[in-house]
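Structure, as structure tokens:
Number of protein chains: 4
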Amino acid sequence: MPTGSPLLLRKMQLLTTIRYGWTRRCCPGIRMASSQSSSNRVGFIGLGNMGSHMARNLLKKGQSVMIYDVYPEAMAALEGQGAVAARSLTEIADSCSKIITMLPSSPHCTQVYTGDGGLLKSDIKEGTLLIDCSTIDPATSKEISASAVKRGATFCDAPVSGGVMGARDAALTFMVGCDSPEDFDAIRTLLSLMGKNVVHCGSVGMGEAAKICNNMLMAIGMVATAETFNLGIRLGLDAKVLAGVINTSSGRCWSSEVYNPVPGIKEGTPACNNYDGGFAINLMAKDLGLAVNAANATSTPTAFGSLAHQLYKMLMSTGYGSKDFSAIYHYLQERPQQQPLSKKA
Amino acid sequence: MPTGSPLLLRKMQLLTTIRYGWTRRCCPGIRMASSQSSSNRVGFIGLGNMGSHMARNLLKKGQSVMIYDVYPEAMAALEGQGAVAARSLTEIADSCSKIITMLPSSPHCTQVYTGDGGLLKSDIKEGTLLIDCSTIDPATSKEISASAVKRGATFCDAPVSGGVMGARDAALTFMVGCDSPEDFDAIRTLLSLMGKNVVHCGSVGMGEAAKICNNMLMAIGMVATAETFNLGIRLGLDAKVLAGVINTSSGRCWSSEVYNPVPGIKEGTPACNNYDGGFAINLMAKDLGLAVNAANATSTPTAFGSLAHQLYKMLMSTGYGSKDFSAIYHYLQERPQQQPLSKKA
Amino acid sequence: MPTGSPLLLRKMQLLTTIRYGWTRRCCPGIRMASSQSSSNRVGFIGLGNMGSHMARNLLKKGQSVMIYDVYPEAMAALEGQGAVAARSLTEIADSCSKIITMLPSSPHCTQVYTGDGGLLKSDIKEGTLLIDCSTIDPATSKEISASAVKRGATFCDAPVSGGVMGARDAALTFMVGCDSPEDFDAIRTLLSLMGKNVVHCGSVGMGEAAKICNNMLMAIGMVATAETFNLGIRLGLDAKVLAGVINTSSGRCWSSEVYNPVPGIKEGTPACNNYDGGFAINLMAKDLGLAVNAANATSTPTAFGSLAHQLYKMLMSTGYGSKDFSAIYHYLQERPQQQPLSKKA
Amino acid sequence: MPTGSPLLLRKMQLLTTIRYGWTRRCCPGIRMASSQSSSNRVGFIGLGNMGSHMARNLLKKGQSVMIYDVYPEAMAALEGQGAVAARSLTEIADSCSKIITMLPSSPHCTQVYTGDGGLLKSDIKEGTLLIDCSTIDPATSKEISASAVKRGATFCDAPVSGGVMGARDAALTFMVGCDSPEDFDAIRTLLSLMGKNVVHCGSVGMGEAAKICNNMLMAIGMVATAETFNLGIRLGLDAKVLAGVINTSSGRCWSSEVYNPVPGIKEGTPACNNYDGGFAINLMAKDLGLAVNAANATSTPTAFGSLAHQLYKMLMSTGYGSKDFSAIYHYLQERPQQQPLSKKA
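Residue numbers (numbering that gives the first Met the number 0), protein chains in the order written: chain X, 0 to 344; chain R, 0 to 344; chain Z, 0 to 344; chain E, 0 to 344.
Right, here's the structure in full:
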């Protein structure tokens, strides 16, 4: 059941008590779902920046969707678009044959699935398909799956890439870990309503494993690109010339080609927008934390992934947490007389 | 309940099922404890390399000791010296007013204290004093303590330094985290029978925090000393001359003065004994894992502690796991033509 | 005049004395060049693995080439193909209006250009074009250029990428640092006979700067790819599935796509050939040394480039020096019972 | 002759041209030395923060001292105390049988000893004793020594520890590299006038080697101490309690005991004085640069020394360069709302 660091866990539990408190706080004007169950209903739990777009896309594609979030206002918006608000996780478990979760962290998932009042403590129907799109520890996915199997349900992990834009435009990529090909077909059909690519990465947990591996490599690539361009520029190179050389040679990577951290190299990147938008350093540090945990659990040496994690924690300590992760370039090159990054207006 | 990495946890749970299986395996010839409770009895759980010496010292100092370990043979030896073997954790909870645990990892502690059949699931007496001498995650200590408080018991963490020698010679140092001065007096009295120093480090969890901080700094100091001596020797310095300069100057640390990793510098060290004995790299990697987890949970940048962890994981991958942690020196200086470290005979 | 580390320098000077000793050792059967100068002759100095192919391509394209190397046998082969062997650097300086050098390190270049008996201590003709294709410190390039300017000659740095295959097939990429566009046209014309791309990177030194930046990023990308795949595989992922995910996502880089370090992922890579062939770790460590030196000289923080350097030095210490730099994967994943990499037959 | 990075070198050469320009700039009121040579005279070159105190101590102990510095005002102060100002390095070479140098970097030493107009290009007397107290690359020391031997002079390296206070109070420690015991006796006699300890570390270069090794270990110890205390405090430990545990245990090092980077732990440290005074980060980064160069030259892996170098370069980039090197603690723990360190008043 456990995951991540215990200190974090307790903070999260506190948070969960607030966000997912099993007594739904009263919210006038929100229509409650009737308790009748509907086997075609899709349950959707977790209506944050990503989840609200994803649920909306299900509604647009004609799905009957029952939603749940501890923040009533998060539900209110989607109700106006046809979603039915549940009063509790139990109601979702009662009413839906397919349930999607999109939650912030491993402890949240543990709580929502196997905690007191959680989905797998409810009268979940045999054969229910549980799809978790959160980015969490692969070991937690495996533990939830084992609990689901005991209840006759099927669980898969299906973390996404593509960000808030991809969620909005139904253009996400899903990395799926599930244990049987039959399950995968049903999963693909449903997830395709919210994304463009659905990749079967292996058994349960392997979707998360693929995602944290990719993000770890992306993080290292970004720090390395920032370091390299900082060095090149201090040696006298024009940044665009350097990008030209690297991107047609063996140094190229996604961060040098597509998401270059030097302002002015690649239009439309956060680097050209004061490092706002994009993928926040706080979130990158969280994903690197998952990678480092997984590396520790398997005694895998990850000197670079770990150092990237440390650097991003340093950036958090010095106030860069909400900036895009390419702001490592700004951090490295900043000089005494330089202005710090301005706050987002 | 949670701690450490989930993957590890599951491995540990498996192990725990074996070592601490609640159905004590039959073992002819071992005298079972009568079920009568004795309020002066000290319970001792976990009779490994450290624990067996510690329990023996309690017996030597005249304590009435009830012991428990999943390996009957571990108990057999101590029974011959006057200890009473318990059939279960429940029996310990029933019979003892003070209980000491010395276990290999956080998941073991969670299982022994709050797992099914664990001490805090038993009819533990109000006012029981629970002292955990294991080296585990400070957050786990806090969680166990919270469970203990609900049952009217008192829990403190009291990890040790001094190694197997210190355990044997009743010369350990205990770093204690407990929430009240009154508790500390009783704790000190008991722990003094097994050690020389009992330091109050703060509230529950702070004993563990102090220990993992100390060990992280020790690990970095060792790697740094190994690196520095390797460099000095390659530059042409005599290792003893270099030790003389460093140990009277600002570079000195415990690893350069007391536990020098270069063979021949300091008599009696593992470095002078083919890196056998001492503190195994596997254990050091485990302690660094605790430090890194705690750093992640608090978003603390620990670039050096983390890099030390990575290096020790590399050493484990290349077969050095059971050697003393000073073998990092051998690892760094080894050359193609060199023989690898021989196995312990 | 200076460059690199002094210790290295002295080793190199020794080597230089052997390879470029100004008294050409007698070698029966080698036809010596007549002392008549020919303004269209191209001088080529340094006939190692790369240089011999490059000079041969000049001959094939109809150039008149005068060659020099301290090893007579290196010259003998090319003489059979029409090259004229020089007796000394001075003879090259006397006879050629364009001179190309392809040498192993900064100190060699310093010696060949500005050392006793070097090109710029000879009666070099005004207007001579000096093109150095070695991979050296950008600051050394600038120093040689300054000396060349004093003698009325033009110097440019033009390090290559493409390896021995690229040299053989006249498919190299040249990264050129030169101070004027007119010079660049002449340079491009000549270099095009030996390669496919000739990129003007900026003023003198910027060719070297671009190359060491690219190689630093490539090295980090390789270590990061090795680490990531090692982690993914230990977590249970199939390596090909992981490559599929990463190479269509934000983790992709040259090392994951083109030069994957995991055996069996990408045909034709050194990873599929026992890590033989390719770019040797010794050479990668040398290039990273240049990058780290340049970073130190400009006070640029390069935590990742520097850590990559350290790791490759560790690999050298443990006997991997002549293996391809992707062997970092093998190093990270190797386990006690595993066989070390076999020597190249 | 070479040293350090070429880029740095050129900057230094520029500086040297200014500071040690061979045409002494006119400075009215300064009494010039008569050209008569005096075999008992001690020459002292380089009158910066350290050198001026050292020369003054020689004068106080009754030595006849001839001084040289490119800044006339540096000489003026000492002339008032009995020193004789030289017009050039040549005059020092002519007039003194023992010459001490205290210069900022390897290129300065190279210039002063073997550059145009340098001591070893002058009519230096056979048997002259040359003592270099600068902290420079050990390879440079060896090169200068080789040049000195050719001229019949004796050279030793004798870098110091003890800082400006130690220089003022004649309490320095000298780490001496010299090739013969006879030389060492004469050296010790002279250096004892300026310090308390004179340690013979081995042959020429070994004084420098010992110093850079010590300082590398000190730097790592400092970063590690800062990291560890930052972690402990975030985990809830009282910093003084943690210091108590560590300093009586295996984590202790000079930085935790004597020079603790946490304000309030140890009176009189820079940490208690807004990180002013002490050993500036700029200088620490310079010394780490020497260590890293020496490691590169000998292919020695120094992952921690190198990472310490990178961190201190990051601190320089973010404006901490003139603060004491213990300010790494402030850097790691600083939080968004925190005030940056104030400038020294």
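The beta-carbon is built from N, C-alpha and C at its ideal position, and this holds for glycine as well.
Legend entry - Those residues which DSSP pairs with G42/E across a bridge: Translated into the one-based positions of the fourth sequence, residue 42/E becomes position 43. Partner(s): M65/E and I98/E.
Inset, instruction - Determine the DSSP secondary structure at R18/E, reduced to helix, strand or coil. - result: Walking along the fourth sequence from the start, residue 18/E turns up at place 19. Note on R18/E: pLDDT 41, under 50, position unreliable in the model; the coordinate value appears next. Reduced to three states, the DSSP call for R18/E is helix.
Inset, instruction - Measure the alpha-carbon distance for G304/Z versus G250/Z and round it to whole angstroms. - result: Position 305 of the third sequence, counted from the start, is the residue given in the question as residue 304/Z. Position 251 of the third sequence, counted from the start, is the residue given in the question as residue 250/Z. The alpha-carbon separation between G304/Z and G250/Z amounts to approximately 18 angstroms.
Legend entry - Nearest-angstrom Cα separation, counted from I264/E out to I211/X: Position 212 of the first sequence, counted from the first residue, corresponds to residue 211/X. Position 265 of the fourth sequence, counted from the first residue, corresponds to residue 264/E. I211/X and I264/E: Cα-Cα distance of roughly 41 angstroms.
Legend entry - Cβ-based neighbour list, V198/X, same chain, cut-off 6 angstroms, excluding 5 preceding and 5 following: As a working mapping, residue 198/X is identified with position 199 in the first sequence. If the five residues before and after V198/X are omitted, its C-beta is found closer than 6 angstroms to the C-beta atoms of M174, all from its own chain and listed in chain order.
Legend entry - Residue closest to G277/R, alpha-carbon to alpha-carbon, out of L241/R, A85/R and S254/R: Working through the second sequence from its first residue, we reach residue 277/R at position 278. Taking only the C-alpha atoms, the option nearest G277/R is S254/R.
Inset, instruction - Establish whether the CB of L331/E and some CB of chain X are separated by less than 8 angstroms. - result: For the purposes of this step, residue 331/E is identified with residue 332 of the fourth sequence, where counting begins at 1. For L331/E, the answer is yes, since a Cβ of chain X falls inside 8 angstroms of its Cβ.
Legend entry - Classification of N214/X by the beta-carbon crowding that lies within 10 angstroms, buried from 16 upward: Working through the first sequence from its first residue, we reach residue 214/X at position 215. The residue is buried, with at least 16 neighbouring Cβ atoms inside 10 Å.
Inset, instruction - Kindly confirm or deny that the segment 45-54 of chain E and the segment 155-174 of chain E touch, where touching means at least three C-beta pairs closer than 8 angstroms. - result: Because the criterion of three Cβ pairs below 8 angstroms is met, the segment 45-54 of chain E and the segment 155-174 of chain E touch.
Legend entry - the segment 177-185 of chain E touching the segment 217-227 of chain E, judged by at least three CB pairs closer than 8 angstroms: The segment 177-185 of chain E is not in contact with the segment 217-227 of chain E.
Inset, instruction - Report the option in G116/R, A238/R and N229/R whose CA atom is closest to the CA atom of L88/R. - result: By 1-based counting over the second sequence, the position of residue 88/R is 89. Out of G116/R, A238/R and N229/R, G116/R has the C-alpha closest to the C-alpha of L88/R.
Legend entry - Proximity below 8 angstroms, CB of A138/Z to CB of A296/Z: Here residue 138/Z refers to the residue found at position 139 of the third sequence. Here residue 296/Z refers to the residue found at position 297 of the third sequence. Yes, they are a contact pair.
Legend entry - Closest by C-alpha distance to E226/R, when choosing among S298/E, A279/E, M49/E and T224/E: Within the second sequence, the letter at position 227 stands for residue 226/R. Per the Cα distances, S298/E.
Inset, instruction - Mind reading off the beta-carbon distance from V64/R to F43/R? Whole number of angstroms is fine, and I expect it under 8 angstroms. - result: Locating residue 64/R in the second sequence gives position 65, where the first residue counts as 1. Locating residue 43/R in the second sequence gives position 44, where the first residue counts as 1. Distance from V64/R to F43/R at the Cβ level is roughly 6 angstroms; contact confirmed, criterion being Cβ atoms closer than 8 angstroms.
Legend entry - Same chain, Cβ closer than 6 angstroms to R187/X, neighbours up to 5 away in sequence not counted: Position 188 of the first sequence, counting from 1, holds the residue named residue 187/X. Closer than 6 angstroms at the Cβ level, and outside the excluded window around R187/X, lie V197.
Inset, instruction - Leaving aside the five residues before and after K343/E along the sequence, list all residues of the same chain whose C-beta is less than 6 angstroms from its C-beta, in chain order. - result: Counting from 1 along the fourth sequence, the entry for residue 343/E is found at position 344. Because the pLDDT at K343/E is just 48, under 50, the model does not fix this residue reliably, and the value given afterwards should be weighed accordingly. D275, listed in sequence order.
Inset, instruction - Give, in chain order, every residue of the segment 285-305 of chain R whose Cβ lies closer than 7 angstroms to some Cβ of chain Z. - result: For the segment 285-305 of chain R, which is checked against every Cβ of chain Z, not one residue is closer than 7 angstroms.
Inset, instruction - Check the Cβ of M313/Z against every Cβ in chain E and list those closer than 7 angstroms, keeping chain order. - result: In the third sequence, the residue the question calls residue 313/Z occupies position 314. Contact of M313/Z with chain E by beta-carbon distance below 7 angstroms involves P300.
Legend entry - Option nearest N48/X by Cα separation, candidates L314/X, M315/X and G161/X: By 1-based counting over the first sequence, the position of residue 48/X is 49. The residue with the shortest Cα to Cα distance from N48/X is G161/X.
Inset, instruction - State the CB to CB distance for the pair M313/X and P300/R, rounded to an integer number of angstroms; the pair is presumed to be in contact (CB under 8 angstroms). - result: Position 314 of the first sequence, counted from the first residue, corresponds to residue 313/X. Position 301 of the second sequence, counted from the first residue, corresponds to residue 300/R. Their Cβ separation, rounded to whole angstroms, is 4 angstroms, which keeps M313/X and P300/R in contact under 8 angstroms.
Inset, instruction - Give me the Cβ distance between A92/R and D122/R, rounded to the nearest whole Å; I'm assuming they're in contact under 8 angstroms. - result: Sequence index remark: in the second sequence, residue 92/R carries index 93 (1-based). Sequence index remark: in the second sequence, residue 122/R carries index 123 (1-based). Right, the Cβ-Cβ distance comes to about 6 angstroms (below 8 angstroms), so this counts as a contact.
Inset, instruction - Taking only beta-carbon positions, decide if S316/E is within less than 8 angstroms of chain Z. - result: The residue given as residue 316/E occupies position 317 in the fourth sequence. Chain Z, which has a Cβ nearer than 8 angstroms to the Cβ of S316/E, makes this yes.
Inset, instruction - Note down, in chain order, each residue of its chain lying with its Cβ closer than 8 angstroms to the Cβ of V203/Z, except the 5 sequence neighbours on either side. - result: Within the third sequence, numbered from 1, the residue matching residue 203/Z stands at position 204. The answer, listed in chain order, is S140, K141, S144, F154, C155, D156, G176, C177 and D178.
Inset, instruction - For L58/R, return the contacting residues in chain E, with the cut-off set at a CB-CB distance below 9 angstroms. - result: As a first step, residue 58/R must be located in the second sequence, where it is residue number 59. Ordered by position in chain E, no residue passes the 9 angstroms Cβ test against L58/R, which lies about 28 angstroms from the chain.
Inset, instruction - Would you kindly report the start and end of the unbroken beta strand (DSSP E) that includes T153/R? - result: Counting from 1 along the second sequence, the entry for residue 153/R is found at position 154. Element bounds for T153/R: T153 to D156.
Inset, instruction - Report yes if the C-beta of G231/R is less than 7 angstroms from at least one heavy atom of the ligand MN; otherwise report no. - result: The ligand MN is absent from the structure shown, which contains no ligands of any kind.
Legend entry - Cα-Cα separation, L230/E to A73/R: By 1-based counting over the fourth sequence, the position of residue 230/E is 231. By 1-based counting over the second sequence, the position of residue 73/R is 74. Spanning the two alpha carbons is a distance of roughly 37 angstroms.
Inset, instruction - Leaving aside the five residues before and after R40/X along the sequence, list all residues of the same chain whose C-beta is less than 6 angstroms from its C-beta, in chain order. - result: In the first sequence, the residue the question calls residue 40/X occupies position 41. Counting only residues of its own chain and dropping the five nearest sequence neighbours on each side, R40/X has a CB closer than 6 angstroms to the CB of S63, M65, S94 and C95.
Inset, instruction - Put K149/X into one of helix, strand or coil per three-state DSSP. - result: Here residue 149/X refers to the residue found at position 150 of the first sequence. DSSP places K149/X in helix when its eight states are reduced to three.
Inset, instruction - Grab the span of the beta strand (DSSP E) containing L190/Z for me, first residue to last. - result: The residue you call residue 190/Z lines up with position 191 of the third sequence. Looking at the DSSP string, L190/Z is not in any beta strand (DSSP E); the run it does join, the alpha helix (DSSP H), is P180 to L190.
Inset, instruction - May I have the straight-line CA-CA distance separating E266/X from P260/X, to the nearest angstrom? - result: Here residue 266/X corresponds to residue number 267 of the first sequence, with the count starting at 1. Here residue 260/X corresponds to residue number 261 of the first sequence, with the count starting at 1. Separation of E266/X and P260/X (C-alpha to C-alpha, rounded to the nearest whole angstrom) is 11 angstroms.
Legend entry - Minimum Cβ-Cβ distance from Q309/Z to chain E less than 8 angstroms: Taking the third sequence and counting its residues from 1, the one referred to as residue 309/Z is at position 310. Chain E contact via Cβ: present.
Inset, instruction - Verify whether the separation of the beta carbon atoms of L331/E and S316/X is less than 8 angstroms. - result: Position 332 of the fourth sequence holds residue 331/E. Position 317 of the first sequence holds residue 316/X. Between L331/E and S316/X, the CB-CB gap stays under 8 angstroms.
Inset, instruction - Flag E78/R as yes if its beta-carbon sits less than 8 angstroms from any beta-carbon of chain E, otherwise no. - result: On the second sequence, position 79 is the one that residue 78/R refers to. With 8 angstroms as the cut-off, E78/R does not count as an interface residue toward chain E.
Inset, instruction - Determine the DSSP secondary structure at N281/R, reduced to helix, strand or coil. - result: Counting from one through the second sequence, the residue named residue 281/R turns up at place 282. Under the three-state reduction of DSSP output, N281/R falls in the helix class.
Inset, instruction - For S248/E, collect the residues of the same chain with a Cβ closer than 8 angstroms to its Cβ; drop the 5 residues on either side in sequence, then sort them by chain order. - result: Along the fourth sequence, one-based indexing puts residue 248/E at 249. So no residue of the chain qualifies.
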